[in-house]
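J.: Residue numbers (full-length UniProt numbering), protein chains in the order written: chain A, 1 to 514; chain B, 1 to 144.
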Amino acid sequence: MNTQVKILGLATLGSAVSAVPVMAQSIDEQVNAVFASSTGWFVNLIFSSFPGTSFPWIVGWLVVAATIFTIYFGFIQFRAFGHAIALVKGDYSDPDDAGEVSHFQALATALSGTVGLGNIAGVAVAIGIGGPGATFWLILAGLLGMASKFTECTLGVKYRNEYPDGTVSGGPMYYLTKGFEERGLPMGKILAVLFSIFCILGAFGGGNMFQANQAHAQITNVVGDYPGWITGIVFAVIVFSVIVGGLKSIASVTEKIVPFMGILYVVTALIILLMNYDRIGWAFGEIFDGAFTNTGIAGGAVGALIQGFKRAAFSNEAGVGSAAIAHSAVRTKEPITEGFVSLLEPLIDTVIICTMTALVIIITGQLVVDAETGRYLLDEGASTIQTVDGNKGVALTSAAFSASFGGFQYVLAVAVILFAFSTMISWSYYGLKAWTFLFGEGQTTELVFKLLFCVFIVIGAAASLGPVIDFSDAAIFSMAIVNIIGLYLLMPIVKRELNSYMARLDSGEIRKFA
Amino acid sequence: MTGKIVVGYDASPSAKRALDFALDAALANGSGLIVAHVLEWSPYTFLTKEEIEERHARRNMELARAEEAILKPAVTGLGAKGVTVETVSRFGNIAEVLAKIARDQKAEQIIVGRTGHSGLTSRLFGSVAGSLAQAAPVAVTIVP
């Protein structure tokens, strides 16, 4: 089986058939070495710590921002929660606008871009390094992130570009330019260009390579080991046929299956939790202990916090600016309504789905505890916690689920591939919007981006997890640097919109149709 | 003229019979006719990012096409027979939208064709005629 796949893959490449057995593995190694050495400096810059601590400044940057937005908008995530649900249900939708994109559709599409490997593999990475305590910080970051999402999505809709043919383009690059101009602030254009560059890197990194990498990990987990570039090429061909070949049916089928896969995943997790109901109290105990005390993991409680915050941001993308691109395509009379709807995303993505993954991993006892001290045992490198079968990333989640449901690894493999695929398609869209902002709209420039995007799928699948995850994180977080500067300077505009909307809601000028 | 009659129309043979029936009723009562075409649309489906981006343009295109290709051919010549005819095209759930038009326009009745749904699909999803019978604010005539 293994040799067959190799020969097939090589024939596709049209490479020489000599030295078949050694060559395939060495391609992966070469890709990995070149990739790790060429991106290392960028990763180090983004993840450098505050002087004298081991706390990465970028994590602080995101959390401080989310906290400031939460306070500035008076705990909007709780205050507007009921109204957000009513909007999604369609209570405030004018029936005469039927046929336009509904709030539900906007939310579902934005979610399918964020619900993905971050929820399955990312959480496993966080728990594998930070222990159960990381879950606490993950949930907290998810709750705070709701306010960041609210802010950026409102601005995304407010400052989008509408074209005569009825299509729209929006996102941080547009509110950074137009919003800054309106407030008479300098540097808007420069920030917009910076954001676009980072967004393209993010599309290649977390939106692409990480997905390809973990999809490959999941497949090998089920069918056995084979070189990553083969998975990469298969994925690249499918993505190519959708984004270049215009095979829209694949994308739209994925878009319809992904929500059901998400529901299936959560329901399965719930069943596993119910089967182990006697350990739920213990699991939450572990989560609280690990969040505030040193349970033996690398970096102690601070290590747990860093992992939790990092993976939450990576999963729900609050403050990153990608959701602002997704939501801005929706037509609505009130930009702020998209903000309300979008604040549900971190809740569903992080507080619900990520927590499910974490609880299943903890409850099924995947992490190895020292029987005498009760502290977690570390691997040789002393950075990750030992797991029962030495699993990491998506393989850890897979092992946790299969421990209760034999054969669930096959379901999970399908889910992972679909999630990876839908996230890739979403990020190819975000990346393309940034690319056309920089280079203008046109068939040739768009084609260049799309081809590059496909090349990175192969690199991502071939490289090993460490360098890929580092680069993916760095690229996504660098988007947040620029985006959040913009959010700080433009948040008074959101406040004005919020006050005006709330006043009209109270006075009955905005009322329910249903 | 005493009132208005809403007739659901989708260019199917059954809808044509309903329109003929409605025309006779309108002439007999001296009512006005509202010929309505509803494009089935649910706000709870899943769309891709491209579909969302193109949605507004597509919606306008689909409405224009409904007006041009379905409603216009149906009502041409009706005015000459001495009835006032309006056309409406909307998106939404067919039965709900027809009921809403009747309510908004203060129509006296709704006339629809009994479209030939097979037993199974109408059992699962319900037919337009069946839902209207349940939900309409005014009298409903179902034309076989």
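Cβ atoms here follow ideal geometry from the backbone N, Cα and C, with glycine treated the same way. Quick caveat, the model's predicted, so the values are computed rather than measured.
(1) What does A:Asn161 pair with, by DSSP beta-bridge criteria?
(2) If we ignore side chains and look at the alpha-carbon of each, how far apart do A:Thr444 and A:Lys450 end up?
(3) State buried or exposed for residue 145 of chain B, treating a residue as buried only when at least 16 other CB atoms are found within 10 Å of its CB.
(4) By the DSSP assignment, the beta strand (DSSP E) with B:Gly143 in it spans what residues?
(5) CB of A:Ser38 to nearest heavy atom of the ligand COA: below 8 Å?
(6) Can you tell me where the alpha helix (DSSP H) holding B:Glu50 begins and where it ends?
(7) Can you name, in chain order, every residue of its own chain whose Cβ lies under 6 Å from the Cβ of B:Arg90, other than the five neighbours on each side?
(8) Since B:Ala36 sits in a beta bridge, which residues does DSSP pair it with?
(9) Under the DSSP definition of a beta bridge, which residues are partnered with B:Gly113?
(10) Compare the Cα-Cα distances from A:Leu490 to each of A:Phe73, A:Ile362, A:Gly406 and A:Asn208 and report the closest residue.
(11) Tell me, which residues are paired with A:Val369 by DSSP?
(12) Along the stretch 307 to 331 of chain A, what residues have a CB closer than 7 Å to any CB found in chain B?
(13) Please name the residues in the stretch 54 to 75 of chain A whose beta-carbon is closer than 8 Å to at least one beta-carbon of chain B, in chain order.
(14) Buried or exposed: A:Tyr410, going by 16 or more other Cβ atoms within 10 Å of its Cβ?
(15) Should B:His117 be flagged as near chain A, meaning a C-beta pair shorter than 9 Å?
(16) Could you please give the first and the last residue of the uninterrupted alpha helix (DSSP H) stretch that includes A:Cys354?
(17) So, is A:Gly30 buried or exposed, given that buried needs 16 or more other C-beta atoms within 10 angstroms?
(18) Let me check understanding here. Comparing Cα to Cα, which of A:Ile457, A:Gly188, A:Tyr430 and A:Leu487 lies closest to A:Gly170?
(19) Can you give me, in chain order, the residues of the stretch 418 to 451 of chain A that have a beta carbon less than 7 Å from any beta carbon in chain B?
(20) May I ask you to report which of helix, strand or coil DSSP gives A:Ile280?
(21) Just curious, the alpha helix (DSSP H) that A:Ser196 is in, first and last residue?
(22) Taking 9 Å as the threshold (beta carbon to beta carbon), is A:Glu338 in contact with chain B?
(23) Taking just the CA atoms, how far does B:Ala129 sit from A:Glu181?
(24) Starting from the beta carbon of B:His56, find every residue of chain A whose beta carbon is closer than 7 Å, and list them in chain order.
(25) Between which two residues does the alpha helix (DSSP H) holding A:Ile120 run?
(26) To the nearest angstrom, how far is the alpha carbon of A:Ala475 from that of A:Leu377?
(27) Any beta-carbon of chain A closer than 9 Å to the one on B:Gly92?
(28) Based on Cα-Cα distance, which residue from A:Ser54, A:Ser428, A:Phe150 and A:Phe421 lies nearest to A:Leu107?
(29) At a Cβ threshold of 9 Å, is A:His83 touching chain D?
(30) State whether the stretch 457 to 470 of chain A contacts the stretch 294 to 302 of chain A, with contact taken as three or more CB pairs (one from each stretch) at a distance under 8 Å.
(31) Assuming A:Val101 is part of the alpha helix (DSSP H), what are its boundary residues?
(32) Expressed to the nearest angstrom, what Euclidean distance is found between the alpha-carbon atoms of A:Gln214 and A:Asp389?
(33) Under the rule that 16 or more other beta-carbon atoms within 10 Å means buried, what is A:Gly393, buried or exposed?
(34) Thinking just about the alpha-carbon of each residue, which of A:Phe47, A:Ile129 and A:Tyr488 is nearest to the one in A:Gly290?
(35) Distance, Cα to Cα, B:Thr45 vs A:Gln105?
(36) Locate the alpha helix (DSSP H) running through B:Arg103, then write down its first and last residues.
T.: Taking the structure as given:
(1) A:Ser169
(2) 10 Å
(3) Chain B is shown from 1 up to 144; residue 145 of chain B falls before or after that span and cannot be answered.
(4) Going by the sequence as given, residue 143 of chain B is Val instead of Gly. Taken as a continuous stretch (DSSP letters only), the beta strand (DSSP E) holding B:Val143 covers Ala139 to Val143.
(5) For the structure depicted, the ligand COA is absent and the ligand set is empty, with no information on it obtainable.
(6) Lys49 to Arg65
(7) Val38 and Val97
(8) According to DSSP, B:Ala36 bridges with B:Gly8 and B:Val88.
(9) B:Val143
(10) A:Phe73
(11) A:Tyr376
(12) Result list: Ala326, Ala329, Val330 and Arg331.
(13) none
(14) Looking at its Cβ environment, which holds fewer than 16 other Cβ atoms inside 10 Å, A:Tyr410 is exposed.
(15) Annotation note: pLDDT 48 at B:His117 (below 50); position unreliable, coordinate value reported separately. False, the Cβ-Cβ gap to chain A never drops below 9 Å.
(16) Run containing A:Cys354: none; DSSP gives neither H nor E here.
(17) First, the amino acid is wrong: residue 30 of chain A is Gln here, not Gly. Label assigned to A:Gln30: exposed.
(18) A:Tyr430
(19) Cβ contacts with chain B: Ser426 and Tyr429.
(20) helix
(21) Residues Gly188 to Phe204.
(22) no
(23) 55 Å
(24) Glu100, Gly166 and Arg331
(25) Careful: A:Ile120 lies outside any alpha helix (DSSP H) and carries neither H nor E.
(26) 31 Å
(27) yes
(28) Of the candidates A:Ser54, A:Ser428, A:Phe150 and A:Phe421, the one whose C-alpha sits nearest the C-alpha of A:Leu107 is A:Phe150.
(29) Of the protein chains in the structure, A and B, none is chain D.
(30) no
(31) Per DSSP, A:Val101 belongs to no alpha helix (DSSP H) and is neither H nor E.
(32) 18 Å
(33) A:Gly393 should be labelled buried.
(34) A:Ile129
(35) 6 Å
(36) Ile94 to Asp104
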